[in-house]
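Below is one structure, written out as structure tokens, with a few remarks after it.
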Amino acid sequence: MQLKSAVQWIPHPDGHWILRNPEDITCIQVDDFDKQVILQLNQQPLTNILAEYDLDLEDLQNLLKDLAQAGMLEGTKPPKAKFNLLSFTIPLVNPDVWLSRHIDKIRWIWTWEFGFFLCAFISSSVAVWLASVEEVATSHQQLFTAGKIDNAIQVILLTMLVIALHELGHAFTLKHYGGIVKEIGLLFMCLIPGCYTDTTDQYSLVRRKQRVLVVAAGVLIQVTIWALAVWIWLFSQSNPVWHQISYLLMVAALLTVAINLNPLNKFDGYYLLVAGTGINNLRQRSFDFYVDLLRREEIEEAVETQWVLAAYAPLSIVYTVWAFSYLMSLIGNWALLNVPSF
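Start counting the sequence shown at 2; every next residue gets the next number (the working numbering).
Right, dumping it as structure tokens:
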């Protein structure tokens with residue numbers, strides 16, 4: 002029983018170690034003591050390890066289980082995610098080779114000079130949009146009060162474009178920092194389609210800033226698209242086609258930003274909160290926090306993270322109940338209007 006030869010030890014500034022499996026793209030976090038135990042796995046029998054490190058058999062079994070589930074040990078593979086009708090994914094492509102081929106052409110995007118320019122560009126777009134709020138309202142009224150099916154189709158198509166660029170933002174940013182992107186595909190939540198990029202390898206990045214940028218890259222792409230659409234809309238008033246498309250692109254970008262930034266679903270807002278707080282598996286740990294509290298067991302979470310865990314679970318439950326109730330009311334209202342037997 003030993004680690005795979007490809008497994009890497011990455012020291013973390015906080016004093017622990019990240020064990021990275023680049024073959025299956027998995028990471029686990031261990032402390033110095035666990036590292037010493039793991040390094041002895043192929044050196045001596047388990048009974049000797051138990052005696053030398055004064056370990057309980059259960060503790061060693063739990064450590065080996067964690068290693069096996071992450072595919073860190075020879076002959077093990079991470080278990081495949083179970084199918085869940087409420088949330089499932091369909092992988093489409095492995096983009097890693099293509100990303101590696103093109104990443105050097107666009108590394109200027111992550112320079113501070115470009116970041117400064119992007120902030121100035123977005124700020125000026127916001128100023129223009131606020132100064133033109135009456136014209137924006139007029140465009141909205143003209144396009145959406147008529148209820149044309151063509152407008153809805155255009156918004157859907159533009160939203161698909163925004164989402165595609167959004168996912169590429171995640172993928173290229175992780176690749177820029179040396180990560181592996183093994184999947185881009187379709188995501189279905191409550192049968193509502195979307196897209197996803199597997200950025201699991203971001204957990205091998207020791208700098209929190211880098212992990213935050215990997216998660217934030219998609220939203221930054223969306224905001225940049227919105228800012229660009231503002232200027233196209235402003236200067237295309239003499240061209241009805243471009244004027245309409247640019248406004249609908251603004252709508253598509255803002256709509257996806259609003260959905261993505263919700264931290265109570267596992268979209269970008271959630272992973273931004275995880276990256277910003279450093280609390281991995283935030284949702285599960287929040288519910289486990291209340292389980293330990295109700296059982297009157299010792300809470301092992303750090304004091305500085307307990308308030309985040311205490312707040313997240315109840316807010317998540319309230320939001321889920323509201324979202325499900327709202328969805329059911331929409332379905333009910335549609336049924337009443339369109340199905341005679343109702």
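Every residue gets a Cβ at the ideal spot worked out from N, C-alpha and C, and that includes glycine.
Just so you know, these numbers come straight off a predicted model, no measurement behind them.
If you compare alpha carbons, which of the options is closest to residue i?
i    : options                : result
C120 : D105, L221, M161, A138 : L221
K106 : T174, F34, M329        : T174
S247 : L262, A259, A228       : A228
I39  : V231, Q285, K5         : K5
I181 : R209, A132, W99        : W99
R212 : W308, A276, L262, L338 : A276
Y320 : S124, N282, L265       : L265
M73  : A253, I110, P12, L42   : L42
D35  : S133, I233, E24, D55   : D55
P194 : E24, I123, I91         : I91
D15  : A259, K78, D33, V127   : D33
W113 : N261, L214, L337, E24  : L214
V134 : R21, L188, V231, N85   : V231
Q307 : E24, Y291, L295        : Y291
L294 : I150, F84, L310        : L310
A259 : F118, T160, A153       : T160
L93  : I19, N261, A165        : A165
N263 : A324, N281, Q44        : A324
L169 : V127, W243, S101       : S101
Since residue i is in the beta strand (DSSP E), which residue starts that stretch and which ends it?
i    : result
W109 : Where W109 is concerned, there is no enclosing beta strand (DSSP E), given that its DSSP letter is neither H nor E.
N22  : 18-22
V31  : 27-31
Just reading off the alpha helix (DSSP H) that residue i is part of, what are its end residues?
i    : result
V94  : V94 -> not in any alpha helix (DSSP H); beta strand (DSSP E) instead, spanning 88-94.
P12  : Taken as a continuous stretch (DSSP letters only), P12 belongs to no alpha helix (DSSP H), being part of the beta strand (DSSP E) at 9-12.
I300 : Neither: I300 is in no alpha helix (DSSP H) and is coded neither H nor E.
S287 : 283-295
P46  : Note, P46: premise wrong, no alpha helix (DSSP H); not H, not E.
Q155 : 150-177
T200 : Looking at the DSSP string, T200 is not in any alpha helix (DSSP H), and its letter there is neither H nor E.
P79  : That residue, P79, is in no alpha helix (DSSP H); it is neither H nor E in DSSP.
A230 : 209-236
Q245 : 241-261
E59  : 58-70
Y272 : 269-278
S101 : 97-103
Tell me whether residue i is buried or exposed, calling it buried when 16 or more other Cβ atoms sit within 10 Å of its Cβ.
i    : result
S326 : exposed
F81  : The amino acid at residue 81 is misidentified as Phe; the sequence shows Lys. Per the 10 Å Cβ criterion, exposed.
G270 : buried
N334 : exposed
H141 : exposed
E301 : exposed
E184 : buried
M251 : buried
L130 : According to the sequence displayed, residue 130 carries Trp and not Leu. Answer is buried; the Cβ neighbour count reaches 16.
R297 : exposed
K176 : buried
P96  : buried
S125 : exposed
W234 : buried
L144 : buried
I332 : exposed
L338 : exposed
L158 : exposed
N261 : buried
Does the beta-carbon distance from residue i to residue j come in below 8 Å?
i    : j    : result
G116 : H171 : no
G279 : R208 : no
Q223 : H167 : yes
D368 : I29  : One cannot answer for residue 368 here, as it falls past the ends of the chain, which runs 2 to 343.
Q3   : E53  : no
L273 : A217 : yes
V163 : I226 : yes
I11  : S205 : yes
V156 : A253 : yes
N22  : V8   : yes
D1   : K78  : The structure shown has nothing for residue 1, since the chain only spans 2 to 343.
A69  : T27  : no
F189 : F89  : yes
Confirm the yes/no value for this check: CB of residue i, any heavy atom of the ligand GTP, distance under 7 Å.
i   : result
F34 : Within the structure as shown, the ligand GTP is missing, as the structure has no ligands at all.
Any Cβ of chain D within less than 8 Å of the Cβ of residue i?
i    : result
P241 : Checking the listed chains, one finds no chain D in this structure; it contains a single protein chain.
Just checking, does the segment 240-255 make contact with the segment 194-210 on the three C-beta pairs under 8 Å criterion?
no
Any 3 or more C-beta pairs closer than 8 Å across the segment 62-76 and the segment 230-240
no
So does the segment 310-317 actually touch the segment 283-290, counting three or more Cβ pairs closer than 8 Å?
yes
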